[in-house]
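Structure, as structure tokens:
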Amino acid sequence: MTDTNTTESTTRKDNMTADHINHADRTDNGEHAIIAVEHVTFGYKKRQTVLEDIDFTVPQGQSLAILGYNGVGKTTLFRLIVGLLRPREGRCVIDRRRVPSMRDVFQMTENGNLVGTMTVRDNIHFRQLLFRSGKGIADGGHTVDSKRLEDEPLVRAFELEGHLDKKVAELSTGLRKRVGIVAGMLFDPHVIMLDEPSNAIDPITRSLLVDYVNQLRADERTLLTVTHDLEYCWNVADRIIILDDKHLVKDMMLAEFDDYEAFTKASTLGRDRTHVDFGLPARGRQA
360 MTDTNTTEST
370 TRKDNMTADH
380 INHADRTDNG
390 EHAIIAVEHV
400 TFGYKKRQTV
410 LEDIDFTVPQ
420 GQSLAILGYN
430 GVGKTTLFRL
440 IVGLLRPREG
450 RCVIDRRRVP
460 SMRDVFQMTE
470 NGNLVGTMTV
480 RDNIHFRQLL
490 FRSGKGIADG
500 GHTVDSKRLE
510 DEPLVRAFEL
520 EGHLDKKVAE
530 LSTGLRKRVG
540 IVAGMLFDPH
550 VIMLDEPSNA
560 IDPITRSLLV
570 DYVNQLRADE
580 RTLLTVTHDL
590 EYCWNVADRI
600 IILDDKHLVK
610 DMMLAEFDDY
620 EAFTKASTLG
630 RDRTHVDFGL
640 PARGRQA
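Using the working numbering, the letters of the sequence shown map in sequence onto residues 360 to 646.
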């Protein structure tokens, strides 16, 4: 015997869930949202709240940068979005799924998601086994042959041919960043999420990274980058959001700024940290 009240309650719940999912699928402009962060609040166990009511969406093909001072929760938000942490309230969705396929979503943390005791070649082969993917690089979709990685255009572009049989732990920080990018991007993800990608890298790696990210933008990939590097952000982002004091306080398109100076002023929330009195003795000056 069916309980009519229970049936009606279930129906209302299903309808509410459907409406909620439909909301997550759309930006304010009605575009399909690849990334949706819905009223997310988070705190570590008994500690005070780190993030409160964070709400935004990212449409397909947009490059979004998350900015903010150290300790405001940028990396915490990154981990919430990729599913490494669970919000206290709200939810994060990537391409309509709470737990997206990691074959379709490339996430790179500061350590590059690499096994230091394995060679570069073995790291890439291990990732292929993990994903069980027959897809290759973006232009061909062919199977990645770990024995012939030297022939991959992406490997050559990032100048890794001579490092494939070295252990990752033996590489410089810049080379590890290159390996982390190549190891993830060989499998042709359509959503790319980077946590502090420009940290501690050499000028050549930085130049390669900026060039590659801009080519991904032209290919209409969706990018989300956590960074405090304003110059890098200026070169690769379409839009920025700024976190401060647990909240999302600014959401702006880079096209709104006339120049880099106006962008930096807005990005630092107008807090001028130049000509600060550090208490140094006034040597060579008369009292």
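Where is the CB? At the ideal position from N, CA and C, for every residue including glycine.
All of these numbers come straight from a predicted model, not from anything done at the bench.
Residue 563: CB within 7 Å of a non-hydrogen atom of the ligand MG:
As far as ligands go, the structure on display features none, and thus does not contain the ligand MG.
Which residue marks the beginning of the alpha helix (DSSP H) containing residue 516, and which one marks its end?
As a position in the sequence shown, residue 516 is number 157, starting the count at 1. Note, residue 516: alpha helix (DSSP H), 512-516.
May I have a chain-ordered list of the beta strand (DSSP E) segments no shorter than 3 residues that lie completely inside the stretch 591-643?
598-603 and 606-612
Could you pull the DSSP bridge partners for residue 395 from this structure?
Here residue 395 is taken as the residue at index 36 of the sequence shown, counted from 1. The partner list for residue 395 (beta bridge, DSSP) reads 416 and 452.
Measuring straight from C-alpha to C-alpha, what distance separates residue 638 and residue 539?
Here residue 638 is taken as the residue at index 279 of the sequence shown, counted from 1. Here residue 539 is taken as the residue at index 180 of the sequence shown, counted from 1. Those two C-alpha atoms are separated by around 43 Å.
Would you be able to state if there are at least three C-beta pairs under 8 Å between the stretch 439-453 and the stretch 397-413?
yes
Which of helix, strand or coil DSSP assigns to residue 423:
Translated into positions along the sequence shown, residue 423 becomes position 64. Three-state DSSP puts residue 423 in a strand.
DSSP on residue 441, reduced to helix/strand/coil?
On the sequence shown, position 82 is the one that residue 441 refers to. Three-state DSSP puts residue 441 in a helix.
Where do the N-terminal and C-terminal ends of the beta strand (DSSP E) with residue 651 fall, by residue?
What is shown of the chain runs 360 to 646, which leaves residue 651 out entirely.
Just confirm the distance between the C-beta atoms of residue 441 and residue 544, as a whole number of angstroms; I'd bet it's less than 8 Å.
Here residue 441 is taken as the residue at index 82 of the sequence shown, counted from 1. Here residue 544 is taken as the residue at index 185 of the sequence shown, counted from 1. Their Cβ separation, rounded to whole angstroms, is 16 Å, which puts residue 441 and residue 544 out of contact at 8 Å.
Close-in-space but distant-in-sequence residues of the same chain around residue 433 (CB under 7 Å, 5 per side omitted)
Residue mapping note: residue 433 aligns to position 74 of the sequence shown, counting from 1. Hits under 7 Å: 425, 427, 585 and 602.
Is there contact here, the stretch 592-602 with the stretch 616-633, by at least three beta-carbon pairs under 8 Å?
yes
How big is the Cα-Cα spacing for residue 629 and residue 477?
Residue 629 sits at position 270 when you count from the first residue of the sequence shown. Residue 477 sits at position 118 when you count from the first residue of the sequence shown. Rounded to the nearest angstrom, the two C-alpha atoms are 46 Å apart.
Below 8 Å CB to CB, which residues in the same chain sit around residue 472 once its five sequence neighbours on both sides are set aside?
As a position in the sequence shown, residue 472 is number 113, starting the count at 1. Taken in chain order, the residues that qualify are 466, 539, 542 and 543.
Boundaries of the beta strand (DSSP E) in which residue 551 is found, first to last residue:
Residue numbering aside, residue 551 sits at position 192 when the sequence shown is read from its first letter. Per DSSP, residue 551 belongs to the beta strand (DSSP E) from 550-554.
What would DSSP say about residue 465, mapped onto helix, strand or coil?
One-based indexing of the sequence shown puts residue 465 at position 106. Reduced to three states, the DSSP call for residue 465 is strand.
Neighbourhood of residue 418 by C-beta, 7 Å cutoff - its chain only, sequence neighbours within 5 removed:
As a working mapping, residue 418 is identified with position 59 in the sequence shown. So the list reads 386, 390, 391, 392 and 393, once near-sequence residues are dropped.
Near residue 589, what residues of its chain come up, given a Cβ to Cβ distance below 6 Å and the 5 sequence neighbours on each side ignored?
Mapped onto the sequence shown, residue 589 falls at position 230. Cβ neighbours of residue 589 beyond the five flanking positions: 623 and 626.
By Cβ distance, which residues of its chain are closer than 8 Å to residue 557, with the 5 residues on each side in sequence left out?
Here residue 557 is taken as the residue at index 198 of the sequence shown, counted from 1. Counting only Cβ-Cβ distances below 8 Å, and skipping sequence neighbours, we find 565, 568, 586, 588 and 591.
Would residue 415 and residue 610 be called neighbours here (beta carbons separated by less than 8 Å)?
By 1-based counting over the sequence shown, the position of residue 415 is 56. By 1-based counting over the sequence shown, the position of residue 610 is 251. Result yes, Cβ atoms of residue 415 and residue 610 sit closer than 8 Å.
Coarse secondary structure for residue 409, derived from DSSP in three states:
Here residue 409 refers to the residue found at position 50 of the sequence shown. Looking at residue 409 - three-state DSSP - the assignment turns out to be strand.
Distance, Cα to Cα, residue 421 vs residue 548?
Taking the sequence shown and counting its residues from 1, the one referred to as residue 421 is at position 62. Taking the sequence shown and counting its residues from 1, the one referred to as residue 548 is at position 189. Rounded to the nearest angstrom, the two C-alpha atoms are 15 Å apart.
Whole-number beta carbon distance between residue 519 and residue 464, since they are thought to touch under 8 Å:
The residue you call residue 464 lines up with position 105 of the sequence shown. The residue you call residue 519 lines up with position 160 of the sequence shown. Not really, about 23 Å apart at Cβ, beyond 8 Å.
For residue 647 and residue 634, I'd like the C-alpha separation in whole angstroms.
As shown, the chain starts at 360 and ends at 646. That puts residue 647 outside it, with no answer to give.
Thinking C-alpha only, which one of 550, 546 and 616 is nearest residue 581?
The residue labelled residue 581 in the question sits at position 222 within the sequence shown. Ranking the options by Cα distance to residue 581, first place goes to 550.
Tell me the rounded alpha-carbon separation between residue 504 and residue 583.
Position 145 of the sequence shown, counting from 1, holds the residue named residue 504. Position 224 of the sequence shown, counting from 1, holds the residue named residue 583. Their Cα atoms are separated by approximately 29 Å.
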